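Enquirer: Residue numbers (UniProt numbering): 1 to 504.
1) Using DSSP with H/G/I as helix, E/B as strand and the rest coil, what is residue 101?
2) In or out: residue 474 buried (at least 16 other Cβ within 10 Å) or exposed?
3) Is DSSP giving residue 226 helix, strand or coil here?
4) From the DSSP output, in three-state form, read off residue 251 for me.
5) Return yes when at least one heavy atom of the ligand NAP lies under 6 Å from the C-beta of residue 331, else no.
6) Using 7 Å as the threshold, is the C-beta distance between residue 138 and residue 331 below it?
7) Distance cutoff 7 Å, beta carbons only. Does residue 332 sit that close to anything in chain E?
8) What beta strand (DSSP E) runs, 3 residues minimum, are completely inside the stretch 174-249?
9) Thinking C-beta only, is residue 496 closer than 7 Å to residue 356?
10) Span of the alpha helix (DSSP H) holding residue 399?
11) What's the C-alpha gap between residue 485 and residue 188?
12) Rounded to whole angstroms, how far is the Cβ of residue 358 from the Cβ of residue 457, which I believe are closer than 8 Å?
13) Would you list the one or two residues that DSSP bridges to residue 502?
14) State yes or no: is the C-beta of residue 155 within less than 7 Å of the C-beta of residue 270?
15) Pair every Cβ in the stretch 161-169 with every Cβ in the stretch 13-24, then say whether three or more of these pairs are closer than 8 Å.
16) So, using beta-carbon positions, are residue 101 and residue 462 closer together than 7 Å?
17) Within 10 Å of its beta-carbon, does residue 10 have 16 or more other beta-carbons around it, so buried, or fewer, so exposed?
18) Contact between the stretch 103-110 and the stretch 140-157 is defined here as three or more beta-carbon pairs at a separation below 8 Å; is this criterion met?
19) Alpha carbon to alpha carbon, what distance is there between residue 65 and residue 249?
20) When DSSP labels each residue in this structure, what does residue 379 get in the three-state scheme?
21) With DSSP run on the structure shown, which of helix, strand or coil describes residue 496?
22) Short of 7 Å in beta carbon distance, which residues of its chain neighbour residue 168, apart from the five on each side in sequence? Order them along the chain.
23) In or out: residue 340 buried (at least 16 other Cβ within 10 Å) or exposed?
24) Tell me, to the nearest whole angstrom, how far the beta carbon of residue 297 is from that of residue 80; I am working on the premise that it is less than 8 Å.
25) Buried or exposed: which applies to residue 159, given that a residue is buried once 16 or more other Cβ atoms fall within 10 Å of its Cβ?
26) May I ask you to report which of helix, strand or coil DSSP gives residue 448?
27) Assuming residue 121 is part of the beta strand (DSSP E), what are its boundary residues?
28) Rounding to the nearest angstrom, what Cα-Cα distance links residue 215 and residue 32 in this structure?
29) Should residue 367 go down as buried or exposed, given a rule of 16 or more other Cβ atoms within 10 Å for buried?
30) Does the distance from the C-beta atom of residue 362 to that of residue 277 stay below 7 Å?
31) Once the 5 residues before and after residue 239 are set aside, which same chain residues still bring their CB inside 8 Å of it?
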């Protein structure tokens, strides 16, 4: 019998754990404490700021790397061909902090993995800067139990070392990832500030791979930082969005080529196209957008899945006479981005919109964090029930999880003054508007380096997730499996969302 999920009960959400998670037994003897407050971590991650201030060198580095790959004989199509018409695979995004929340995903991953052919990591394989030296403990060791090959698309953090670590692990090449010279009045400053890639100890990486993921079925090199997996029923297309979320003109030409034709397709991208009820179409160097390609009926995309934001969201967007499923899937192990700051959506009908964690659970979790940090739990902390009710009050929506004493409209009484004040301070919007910006405390809109420590915790419920995609010639089924961290849910992870897409 399948467990309840967060839409049916607090126990299904992980607020009540009957037994601790097995992931505790998988942790290394010493779990390094990862903190964005540490000055050394902030300094290592400075390339994001450098790219925004002085220009993103990702496109130029990528072009040079692909030229090197071409000289090594990698075909220009960057395509892996698989012959099975029916197959399954997993997707999870933003994995590698190397801490308890990443390991909490491992038992549910292994539980839903049987019968899958491969796994795709969508964005930010390694935090904070994608260094090759972090892969043994943040990639090889956690996923040693997954029997198939692992593909990935890089996220902005993987690019903070010029993508050198990512290319060494996934493409088998130690490329020259130094940025080209900057131009302009601040060129020297940009050159001085840019963090160069870390050292690559090839023998140590090979030894870690052999130790943890050395089985023949686990080995598999992808052709480049962007790629396609072509099957008779579906083509899976992965793109590299660099640091700032765009793609270069060469990759765009490749994307248009592999997207042509009537075969159904799924896009895997480091940056989601629809997120937090905002549209980010993804700029293309020289003009155009990624979403223009996805939405083109001649390309026949049925879904686009992006990482980067650490929660789950699904937008079934009507495009002409068909529906494209735009999905955010970044809950693979890193800290959780709030969902209670998402307004009542307007891009799709609110009743058709799906997210995990639920807004009320997100608000309750953040209220406990602020109660702990400020040592004022008596003011900040809201129970899941109180949080669900105040979200309903402010957004005017029916809670996905009701309570026995609620009235026919899903709510029993007006929330308390304290609950309403906490909701405003923690960023719950009013309906479809985003008011009270000046009152909001760091929750979601502030830069990551200042919010992630506040938004991280090491005990259940973790509110992580992973996707399983099952493909037949007729249909694609996508299921979002919750990761609570409770031992109750590890062997049979709750299904938070499910959608079946016709491929005919």
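Backbone N, C-alpha and C define an ideal beta-carbon position, used for all residues, glycine too.
Bear in mind that the values here come from a model prediction, so they are computed numbers and not experimental data.
Expert: According to the structure data:
1) helix
2) exposed
3) coil
4) helix
5) The ligand NAP is not part of the structure shown, which contains no ligands of any sort.
6) no
7) Any reference to chain E falls outside this structure, which holds one protein chain only.
8) 227-230 and 235-239
9) yes
10) First-last for residue 399: undefined, no H or E at that position.
11) 48 Å
12) Not really, about 17 Å apart at Cβ, beyond 8 Å.
13) 475
14) yes
15) no
16) yes
17) buried
18) yes
19) 15 Å
20) helix
21) strand
22) 132, 174, 200 and 205
23) buried
24) Their Cβ separation, rounded to whole angstroms, is 26 Å, which puts residue 297 and residue 80 out of contact at 8 Å.
25) buried
26) Since pLDDT at residue 448 reaches only 45, below the 50 mark, its modelled position is unreliable, and the value read off the structure follows with that caveat. The answer is helix: DSSP assigns residue 448 an H, G or I state.
27) 118-122
28) 27 Å
29) buried
30) no
31) 153, 226, 247, 251, 255, 267, 268, 269, 270 and 290
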